[in-house]
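Quick note, our numbering runs 870 ahead of the 1-based positions in the sequence shown.
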Amino acid sequence: MTFRKPSGIFPAPEKPLPSRCGVGGGGNGMDLPTMGVGSYAAPGWLFLFREAMRGGRTGEEDVEEAFDDATRIAIADQIEAGVDIVSDGELRRSRFVYEMYDRLTGIERLPPGRRLGVPGYDRAPHFVARERVSAPGGLGIAAEYRRLAELAPDRRLKVAFPGPMTFMPKIGPEGPYGGDRMALLDDIAGIVREEVGRLADEGAELIQIDEPGFTDTSHGLDSRACAEAVNSAIAGHADRIAVHICFGNNASRPYAPRGLARLLPGMAALDCSMLVLEFANREMADLYLLPGLSERYRIAAGVIDVKSFHIETPEEVAARLERVLAVVPRERLWVTADCGFSALPRWLAREKLHAMVAGTRLVRGEAAAQAQPER
């Protein structure tokens, strides 16, 4: 698909942008920078449009227009809320990682064992390798970032996509791999590494590798082995890399045991500049681990619970932030949600974004008063 380049449609920030706004820039002097994790809640009409796509009732230009419009909405909602670092909401993708397997060659999709009943991790796509796994055309994330930069010029930007530990467990290492899961993992890490390089070439300064698979235990790898795979995928780009580690968010349900302590050896071995971690949904547990981690990494702390319909007040957000600030130096702390907003209706995602920014402004000592989003 060829993206058309439009003129900028969003107002520039009130304050001039610094020359560098990635992880390595440390927020460029921003106090408690705010950002989403990556995905954003889709507008209702996008679900209908995807049904039309699956039914063969759309053309290439229809698809381009619809995804551009959905992305504009995600950008606008973030700007309206006052978020400092903007993403495209990943609305060109479906379900975070599922459609990205379509970019891979050498794999065969397996029929699901369960089709009926509630959604769940057992209904996620599963594959088996028939040839060496590759992505001749890349994963498409660099093109998404380029389009984001066109749609939101003069904004601080981030881009997020799945890492090797999230791709690998859904692919059986058959065919040329002969059951060797580590050989498969090495090939997938290479695919991710090439995409990181493309993003760096596009000028992306904040590249987030999403790794809920880091917390998975079904692949049989310990956290240090997981870190080795991620490090292979991000080699040479540590200053612009954040790694998001969460416990899964399929239909607002976690997948893995929700404690960080067992993951500490692997987290401490990551060659990145920032860790993006889930706290709000876990009642701010495991904060005691952050003093040591924050010596090496900037910490983006999740203070918005995306697995709950409870709308946080600014005061609740501020209280959570103050708890994190008790163990993390202020200049090392960024503010985010626990995970992406894709499992929420858009009205709720907007409310939570506004609460996140308003609570952060309270801690900054700024006026938190802000018009609430119109439904």
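We put the CB at the ideal spot given by N, CA and C, even for glycine.
Predicted model, so just to flag it, every value in this text is computed and none were measured.
Entirely enclosed alpha helix (DSSP H) segments - the region 926–970, minimum 4 residues:
Runs of the alpha helix (DSSP H) lying entirely within the region 926–970 and spanning at least 4 residues, in chain order: 930–951.
Under 9 Å between C-beta atoms of ASP1175 and ALA1207
yes
Beta-ladder partner(s) of PHE997, from DSSP:
In DSSP, PHE997 forms a bridge with ARG979, ILE1041.
Complete alpha helix (DSSP H) runs within the region 1042–1112 (minimum length 4 residues, chain order)
1051–1071, 1093–1104
Straight-line CA distance for MET1226 to ALA1139?
30 Å
Quick one, are the C-beta atoms of ASP1056 and SER1102 less than 9 Å apart?
yes
Where ILE1041 and GLU969 are concerned, what is the direct C-alpha to C-alpha distance, given to the nearest angstrom?
14 Å
Alpha carbons only, please: which of THR941, CYS1116, GLU1182 is nearest the one belonging to GLY1033?
The shortest Cα separation from GLY1033 among THR941, CYS1116, GLU1182 belongs to CYS1116.
In chain order, what residues of the same chain lie with their CB nearer than 6 Å to the CB of PHE1031, ignoring the 5 residues before and after it?
ILE1011
Take SER1122 as the anchor and find which of GLU931, GLU921, SER1178 has the nearest alpha-carbon.
SER1178
Can you list, in chain order, the residues of its chain with a C-beta nearer than 6 Å to that of GLY952? Leave out the 5 residues immediately preceding and following it.
Excluding positions up to five away in sequence, the list reads VAL1227.
Relative to the C-alpha of ASP954, which residue among PHE919, PHE937, VAL907 is closest?
VAL907
Quick check on GLY1235: buried or exposed, where buried means 16 or more other Cβ atoms within 10 Å of its Cβ?
exposed
Does the distance from the CB of PHE1149 to the CB of GLY1129 come in under 9 Å?
Taking the C-beta atoms as reference points, GLY1129 is found no nearer than 9 Å to PHE1149.
How big is the Cα-Cα spacing for GLU1064 and GLY1008?
Between GLU1064 and GLY1008, the C-alpha separation is close to 7 Å.
Assuming ALA1170 is part of the alpha helix (DSSP H), what are its boundary residues?
ALA1170 -> not in any alpha helix (DSSP H); beta strand (DSSP E) instead, spanning 1168–1172.
Is it true that the CB of GLY1229 sits closer than 9 Å to the CB of PRO1184?
yes
So what's SER1143 in DSSP terms, helix, strand or just coil?
coil
Euclidean distance between Cα positions of PRO981 and ARG963:
Cα to Cα, PRO981 sits roughly 21 Å from ARG963.
The beta strand (DSSP E) spanning ALA1030 covers which residue range?
1029–1032
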